[in-house]
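These notes are about the structure you will find just below.
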Amino acid sequence: MKTLINISADKIAIFGFGDPVFLERNGVDMQIGKVLVALDRKYGFSSCLVINGPGGFTNLRVGSLALNLLKTLKNNQFSLYSLSKIELYQKAYQYGILPRYGVIYIGQKSNVWLWDFDQQVLQATIKKDQIGALLEEYGQIFLDEVYDLGYFAFPDLQVQSRFVEQGILLTFADKELLLNWEELCTDEVSQLQPNYMMNPNLG
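The sequence shown begins at 62 in the numbering used here and counts up one residue at a time.
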């Protein structure tokens, strides 16, 4: 059974088993293993695409560890695919549904990344309260998807994603893009490594 797990947002999100399951960062290390095992017993994991970094260090570390353990418990009869948020949004930018600049959640209370998807580089680490100034400077930007709608002051600028049978449906403003599993699941990994994209020792 195909599933999508986002370990890069403010909550770990599990899609593909009926209603989405969201796990808060506080206590996630005590919950996620039990949740994954219960879902596997009921539905059976066979193929899982993991949105892996950048994000909060706790969710990335705990999410990766739990999925690797589940794969071991299933005698490796379980395919894991890793895809960063940057790679996901790069595809959407290339298809023309996202603007050049995106504000990316990195798991910090105030700091976020400004990413240039045209040049494919980190433009700057900025404060969340600078987003209004960015809008004035660049005209249009998009905000990373987080599940706490109060995290950003401009929730209408957030990308939204939806798990569908064919893949991931991305929505921004009045545009939609369906990215199918074949396009997304290109990096199969034997063990999932948390893709911090920065030094975990930094604040």
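All residues carry an ideal CB built from backbone N, CA and C; glycine is no exception. Bear in mind the structure is a predicted one, so any value in this text is a computation, not a measurement.
Per DSSP, the bridge partner or partners of residue i
{"i": "LEU134", "result": "Answer is none; LEU134 lacks a bridge partner."}
{"i": "GLN169", "result": "DSSP, once it has assigned bridges, lists no residue as partnering GLN169."}
{"i": "LYS72", "result": "GLU85"}
Chain-order list of residues whose beta-carbon lies under 6 angstroms from that of residue i (same chain, five-residue window excluded)
{"i": "LEU263", "result": "Since pLDDT at LEU263 reaches only 45, below the 50 mark, its modelled position is unreliable, and no value is offered."}
Sequence-distant residues of its chain with Cβ nearer than 7 angstroms to residue i (five each side left out)
{"i": "GLN254", "result": "SER125"}
{"i": "SER171", "result": "LYS188, LYS189"}
Cβ separation of residue i and residue j, assumed to be a contact under 8 angstroms, to the nearest whole Å
{"i": "PHE213", "j": "GLN219", "result": "6 angstroms"}
{"i": "ILE187", "j": "VAL207", "result": "Not quite, the Cβ-Cβ distance comes to about 16 angstroms (not below 8 angstroms), so this is no contact."}
Identity of the residue in the options nearest residue i by Cα
{"i": "PHE203", "options": "TYR166, ASP209, PHE224", "result": "TYR166"}
{"i": "TYR156", "options": "PRO216, LEU131, LEU239", "result": "LEU239"}
{"i": "ILE158", "options": "ASP177, VAL182, PHE139, ASP235", "result": "ASP235"}
{"i": "ASP80", "options": "SER69, THR64, ASN87, LYS95", "result": "THR64"}
{"i": "GLY228", "options": "LEU110, VAL82, ASN67", "result": "LEU110"}
{"i": "GLY105", "options": "LYS135, ASN87, ARG86", "result": "LYS135"}
{"i": "TYR150", "options": "THR119, GLN184, ILE112, PHE139", "result": "ILE112"}
{"i": "TYR162", "options": "VAL96, GLU249, GLY200", "result": "GLY200"}
{"i": "GLY114", "options": "VAL96, ASN137, SER143", "result": "SER143"}
{"i": "THR247", "options": "GLY77, SER140, LEU128", "result": "SER140"}
Practice prompt. Would you list, in sequence order, the uninterrupted beta strand (DSSP E) runs of no fewer than 3 residues that lie entirely inside the region 136-162?
Written response: 140-144
Practice prompt. Write down every uninterrupted run of the alpha helix (DSSP H) in the region 226-256 whose length is 4 residues or greater and which is fully enclosed by it, in chain order.
Written response: 242-245
Practice prompt. Go through the region 169-223 residue by residue and report every complete run of the alpha helix (DSSP H) that reaches 4 residues or more, in order.
Written response: 192-199
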